[in-house]
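K.L.:
Heads up, the sequence shown is in this note's numbering, so the first residue is 27 and it goes up one at a time. Each residue gets a CB set at the ideal place from its N, CA and C atoms; glycine is no exception. First, the structure itself, so that you have it in front of you.
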Amino acid sequence: MPTEKQLKQQLQDGKMIESEEQMTEGYKKALTQTLLVSGDTELMSAPAYYEPSMNAPSVNARASCISVIQDELGHGHIAYRLLEDLGYDREYLIHGREPHEFRNTYGFDQPLENFAELVTAHGLWDRAGIALLSDIHENTSYAPWKRALTKVGKEEQFHLRHGETWMRRLANKNDKTKQKVQDAVDWMFPIALEWFGLPDDKKKHDDQLAYAIKGLSNDELRQKWMDSAVPVCNELGIDVPAHYDEERDEYVVEYDLPAHFDAETKTWYFEENTSWDDVIDRWRARGPANEKYVELLQSGQMDPVSA
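Following this line, the structure appears as structure tokens:
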């Protein structure tokens, strides 16, 4: 078995890992933490999407929303199946943990209260998921995950197209429906900026990069997301707190990260002093819909096929 330093160098040189026997303790820890966040995020998106999907404006829209939910449940199970190969109990991961123990990204602890918020989640948050998973698919050193993500990537592109299509329809329909999209983007865009984690200069170490679990840094992924999200919103006439700076040749956020978020009112206070430690505390405390969504999943009552 190579040392941690030797394995890191081998991975940077292109070595692929096929099984637990090839892993050092450090590699396994970095991989399982990443898989757990991915699996929990996919799984928790399903109950978040469920209720507004039932209020879709047409039968076809509802059918598409149900397909998204089914895909997300499947994506979560893929991550858990990979974790099972690494010694985790899949049933425990889904049914045995308390709500606060789930590691999903913070956005899916928020209630989505109307169809405009749902499709904005597809258009912004699924786009964030694509940025993350496409990077892993392209660069990961864990071969079983790389193979599994081929299917996941194609299905996530469908979710994104669905979100963009409906954001465009609502933005172009009338002033009232456009305002609903704007209201959704106002609180969901900054959450997506947080999606990628701490800024690079705030991270003490990055084992995900060192072990080639992923290929891009947090800030590079944030730029990748803005590179497609900002132009779409601009095209729709939807205001976002970011723009492209030609001099710097990059997208610039128009407020100082991080910002204070009132989850109960879905309001951002960009002028308030907030630290990344405060943000991490908010993430760990979970959001207002966390317990409800976990209970919905664990009760087995969420059945989008028969709903």
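#1: Which residue comes first and which comes last in the beta strand (DSSP E) that contains Ala268?
#2: Just list the beta strand (DSSP E) runs in the segment 231-290, keeping only unbroken ones of 3 residues or longer that don't cross its boundaries, in chain order.
#3: Going by DSSP, name the residue or residues bridged to Ile43.
#4: Between the Cα of Pro284 and the Cα atoms of Ser64, Trp294 and Gly65, which residue gives the shortest distance?
#5: So, for Val211: in the same chain, excluding its five sequence neighbours on each side, which residues have a beta-carbon less than 8 Å away from its beta-carbon?
#6: Grouping DSSP H, G and I as helix and E and B as strand, with all else coil, what is Leu131?
#7: Assuming Val178 contacts His103 under a Cβ cut-off of 8 Å, what Cβ separation, rounded to an integer in Å, is found between them?
#8: Applying the 10 Å Cβ sphere with the 16-neighbour rule, what's the burial state of His163?
#9: From Glu261 to Val279, what distance separates their C-alpha atoms?
#10: Could you compute how far the alpha carbon of Lys31 sits from the alpha carbon of Ser45?
#11: Whose C-alpha, out of Ala236, Tyr114 and Glu124, is nearest the C-alpha of Gln35?
#12: I'd like the ranges of any alpha helix (DSSP H) spanning at least 4 consecutive residues and lying wholly in the segment 139-185.
#13: For Tyr53, which of helix, strand or coil comes out of DSSP?
#14: Just the C-alpha distance for Glu321 and Lys292, rounded to the nearest angstrom, thanks.
#15: Is it right to say Ile239 is buried, meaning 16 or more other beta carbons lie within 10 angstroms of its own, or is it exposed?
#16: Give me the Cα-Cα distance between Asp233 and Gly313, rounded to the nearest whole angstrom.
#17: With Trp302 as the anchor, note down where its alpha helix (DSSP H) starts and where it stops.
#18: Just to check my reading of the structure: Gly65 and Asn165 have Cβ atoms closer than 8 Å, yes? What is that Cβ distance to the nearest angstrom?
#19: To the nearest angstrom, how far is the alpha carbon of Met70 from that of Asp201?
#20: Using DSSP bridges, identify the partner residues of Tyr295.
#21: Helix, strand or coil: which one does DSSP assign to Phe327?
P.N.:
On the basis of the data shown:
#1: Ala268 to Asp271 is the span of the beta strand (DSSP E), which, as asked, contains Ala268.
#2: Those beta strand (DSSP E) runs which fall completely within the segment 231-290 and span 3+ residues are 268-271, 276-279 and 286-288.
#3: Looking at the DSSP output, Ile43 bridges to Tyr168.
#4: The candidate whose alpha carbon is nearest that of Pro284 is Trp294.
#5: Counting only Cβ-Cβ distances below 8 Å, and skipping sequence neighbours, we find Thr146, Leu150, Cys259, Ile264, Asp265 and Val266.
#6: The sequence shown places Thr at residue 131, not Leu. Correct three-state label for Thr131: coil.
#7: The pair is not a contact, with the Cβ atoms about 11 Å apart (cut-off 8 Å).
#8: By the neighbour-count rule (16 or more Cβ atoms within 10 Å), His163 is buried.
#9: When rounded, the distance between both Cα atoms is 18 Å.
#10: Using only the alpha carbons, I get a separation of about 19 Å.
#11: Among Ala236, Tyr114 and Glu124, the Cα nearest to that of Gln35 is on Ala236.
#12: List check, alpha helix (DSSP H) in window: 141-146 and 152-165.
#13: DSSP places Tyr53 in helix when its eight states are reduced to three.
#14: Looking at the backbone, the Cα of Glu321 and that of Lys292 are separated by about 22 Å.
#15: Under this definition Ile239 is a buried residue.
#16: C-alpha separation (whole angstroms): 27 Å.
#17: Run containing Trp302: Trp302 to Ala311, per the alpha helix (DSSP H) assignment.
#18: Not quite, the Cβ-Cβ distance comes to about 19 Å (not below 8 Å), so this is no contact.
#19: Met70 and Asp201 have their C-alpha atoms roughly 32 Å apart.
#20: Answer by DSSP bridge pairing, in chain order: His286.
#21: Residue identity check: residue 327 is Gln in the sequence provided, not Phe. Gln327 falls in the coil class under three-state DSSP.
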